[in-house]
């Protein structure tokens, strides 16, 4: 059908436009939900607008919650903002991973360019960072709508209006597709899937055109170019599409074998391969020239000239196999056999290199491979079989299973040979595409998005091959019915009430955002590196601009190893040396992620002797102190908590025990606090800091006799001025307990000493409860801070609820 004829049939534009409208409605509801969740528990965030900051907020902090806790999305947003902030078009290095050294950026620039382009039209934020955060909401939905429209137009042009409507329905509303283009979760999966369609459709049209006796070079050239772009964006989908294209083309040729021996019936494999190979090499040079062309590294997890060479070899091999299918034994001349063997060797070089070098190459996957999609409530799993155990029989399961009925229908028609010869080849090739996609989808859930698009294309190709009239309408109705189970998953978010229901992942993200902002106010420019589980680290630098060591990204092997070495160190000196080398400031042990234990298991034979084991047993080395952080309680979920250890100058035993005891008292771990108090009494009876800690613990436990005994022991030290070497945070505690013990004059004296030394650094060294009491004490004694800015800084360090109590 001519394109002009298609345009004249206005009714057939109704399904694609209706699908796009429904998708946009769903996306708008999702964006409203993201805004609602992001607006929760913001009272303790530090969000000062700063147009000069990479994120648009001071300190590189961010507000928007990324749905599904997508680590890849964290990185795409941060890297695009850095690219814009540095005014470069290729980002080569980042310092938030493997800190303080940083690491190279190996992911292709295509998606960052797309996100930056959308940012030019996304909202009216005053900073580039803010515009990119706005773009993260709509970048993938725009891609999705472009995919729906592009597939519908191309299918309608080549296969008719009903086929276009069916393709639009399945491409737009199938759950794995819709859920993969979810707003606020930017990632290259959507762009790669769009390029899968862009490479598959021209190839299928070319096969159909060739078997109709027409010239198909242009179709094959466009398919090659699109597949080359796909290889650049995602090798993990680009190479499987190459495999599917080769096998699909040969299967299509086999289906019509014996009809003619005319040379013109051979597919233009060379046109396809040369176009694609030139695209791959050109994009490789565009991405890495001139300073990152590491030929020896043979990085097969990204676009590489070796893939271009293998592509050319594969084209030679496909051409020879098709010649054999057409001509039989006559095609097996010595020259042709040599060409076939040569092509096979070149193609086999890729898996051989992967095997020898230990690379996963195109078989690897990103950190979001375990996600079927990002709609709230949609579960994730390490593989399809694992996911099936928990989701079997659910609406999500049927949303995957029902469209596969069209694959079975295609196979049945191919086996019956009831299809027209001009349609069988393209349908057979599309069938192979789906089989290849299913092979990868069994391993990686993220592949179901691509399978969904390929099934949509296969179903659309079936339409014109079926009898006109009722049969085609039945298939269209079945296509619509097949997406209904998925609507049961994403449909509820259209309700305003349902949008306000939080998931466990939402609660985790809100807590991590709070923790990241809290950490960002306790660190400084030269001492702000955290050791945390790999899945938490990206969240900390996304929300708080806090640098880390280990992360889930392939490029960060050095940072991961550093995390293993520190966590598994078996002596305090070894762990301190490693921490100093990495400028470590904090160690985070969240209740919702125990991967630090895995770090220890990876690096030590006797896990019970590692630093992580010591921290679990509350036996931290003397260069660490526990710090109390109050995390928000996100109802209706169980409270999430995190144990935070801060790197400090090496403490003496009494100081380390004192701080640990006060921490237990403030976190209401009364049994541990009592044990520490008794140890201080027995082992350090004459240490002033220990006596102060005993008084604090006794007050927290409402043990008046012990408190009064501690105060009586403290008074001589104050009277005789034997408190000169007391650390600032311990002196603040001393002032507080003296006032609590009704020793106002001595308390005033200690407050004055504190005011002589106070600065922003010392304010960070005291806990929130201690600082709160100290501010009240200063006001009650009418002892102001030496500078109003310091008092403001002290008050701002308190949670909002505590500030209201002031």
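In our numbering, the protein residues as written are 43 to 848.
Glycine residues also receive a C-beta, built at the ideal position from the N, C-alpha and C atoms.
Keep in mind the model is a prediction, meaning the values are calculated, not measured.
(request) Return yes when the Cβ of residue 67 is within less than 8 Å of the Cβ of residue 536, no when it is not. (result) Against a cut-off of 8 Å, the Cβ pair of residue 67 and residue 536 comes out as a contact.
(request) Give every residue of the same chain whose Cβ lies closer than 7 Å to the Cβ of residue 298, excluding the five residues on either side of it in the sequence, and list them in chain order. (result) 253, 463, 466, 467
(request) Following the continuous alpha helix (DSSP H) through residue 463, name the residue where it begins and the one where it ends. (result) 463-483
(request) Sort 245, 289, 788, 500 by Cα distance to residue 762 and report the nearest one. (result) 788
(request) State buried or exposed for residue 457, treating a residue as buried only when at least 16 other CB atoms are found within 10 Å of its CB. (result) exposed
(request) Could you tell me the distance, in whole angstroms, from the CA atom of residue 235 to the CA atom of residue 600? (result) Going from the Cα of residue 235 to the Cα of residue 600 covers about 31 Å.
(request) Mind checking which residues open and close the beta strand (DSSP E) that includes residue 195? (result) First-last for residue 195: 170-201, but that is the alpha helix (DSSP H), not the beta strand (DSSP E).
(request) State yes or no: is the C-beta of residue 179 within less than 8 Å of the C-beta of residue 73? (result) yes
(message) Please list the terminal residues of the continuous alpha helix (DSSP H) segment that includes residue 816.
(response) 810-822 is the span of the alpha helix (DSSP H), which, as asked, contains residue 816.
(request) Starting from the N-terminal side, write out each stretch of the alpha helix (DSSP H) that is 4 residues or longer and does not extend beyond the segment 260-346. (result) 277-297, 311-330
(message) Relative to the C-alpha of residue 420, which candidate in 650, 434, 342 has its C-alpha closest?
(response) 434
(request) Take residue 547 and list the residues in its own chain whose beta-carbon comes closer than 7 Å to its own, dropping the five residues that flank it on each side. (result) 110, 111
(message) Just list the residues that DSSP pairs residue 667 with in beta bridges.
(response) Per DSSP, 688.
(request) Return helix, strand or coil for residue 99, following the three-state DSSP convention. (result) strand
(request) Report buried or exposed for residue 429, applying the criterion of at least 16 other Cβ atoms within 10 angstroms of its Cβ. (result) buried
(request) Count the CB pairs spanning the segment 373-392 and the segment 81-98 that are closer than 8 Å, and state whether there are at least three. (result) no
(request) Compute the distance between the beta-carbons of residue 280 and residue 54, then report whether it is under 8 Å. (result) no
(request) Could you pull the start and end residues of the beta strand (DSSP E) that residue 758 belongs to? (result) Taken as a continuous stretch (DSSP letters only), residue 758 belongs to no beta strand (DSSP E), being part of the alpha helix (DSSP H) at 746-761.
(request) Buried or exposed for residue 488, please, with buried defined as at least 16 other CB atoms from any protein chain shown within 10 angstroms of its CB. (result) buried
(request) Have a look at 195, 216, 229 and flag the residue whose alpha-carbon is nearest the alpha-carbon of residue 240. (result) In this structure, 195 is the residue among 195, 216, 229 with its C-alpha nearest to the C-alpha of residue 240.
(request) Run the CB neighbour count on residue 647, radius 10 Å, all protein chains shown included, and call it buried at 16 or more, exposed below. (result) Around the beta carbon of residue 647, fewer than 16 other beta carbons lie within 10 angstroms, which makes this residue exposed.
(message) Please classify residue 303 as buried or exposed, where buried requires at least 16 neighbouring CB atoms within 10 angstroms.
(response) Note that residue 303 scores a pLDDT of 45, beneath 50, so its modelled location is shaky; the value from the coordinates is reported in the next line. Result: exposed.
(request) Alpha carbon to alpha carbon, how far is residue 522 from residue 425? Give it in angstroms, no decimals. (result) 28 Å
(request) Would you mind sorting residue 91 into buried or exposed? The rule is 16 or more other CB atoms within 10 Å of its CB. (result) exposed
(request) Taking residue 382 as part of the alpha helix (DSSP H), name the residues at either end of that continuous run. (result) 376-399
(request) Below 8 Å CB to CB, which residues in the same chain sit around residue 251 once its five sequence neighbours on both sides are set aside? (result) Closer than 8 Å at the Cβ level, and outside the excluded window around residue 251, lie 257, 258, 261.
(request) With a cut-off of 8 Å on the beta carbons, I'd call residue 314 and residue 265 a contact; round off their distance for me. (result) 6 Å
(request) Put residue 781 into one of helix, strand or coil per three-state DSSP. (result) helix
(request) Just grab the DSSP bridge partners of residue 146 for me. (result) 135
(request) Just the C-alpha distance for residue 781 and residue 631, rounded to the nearest angstrom, thanks. (result) 35 Å
(message) Tell me the DSSP secondary structure of residue 840 in three-state form.
(response) coil
(request) Out of 609, 736, 730, state which residue places its alpha-carbon closest to the alpha-carbon of residue 717. (result) 736
(request) Would you tell me roughly how many angstroms separate the C-alpha atoms of residue 176 and residue 675, rounded to the nearest one? (result) 28 Å
(request) Check whether the segment 216-226 touches the segment 526-533, taking contact to mean three or more Cβ pairs, one atom from each stretch, closer than 8 Å. (result) Short answer: they touch.
(request) Please classify residue 91: does DSSP put it in a helix, a strand, or coil? (result) strand
(request) Taking residue 106 as part of the beta strand (DSSP E), name the residues at either end of that continuous run. (result) Element bounds for residue 106: n/a, residue is neither H nor E.
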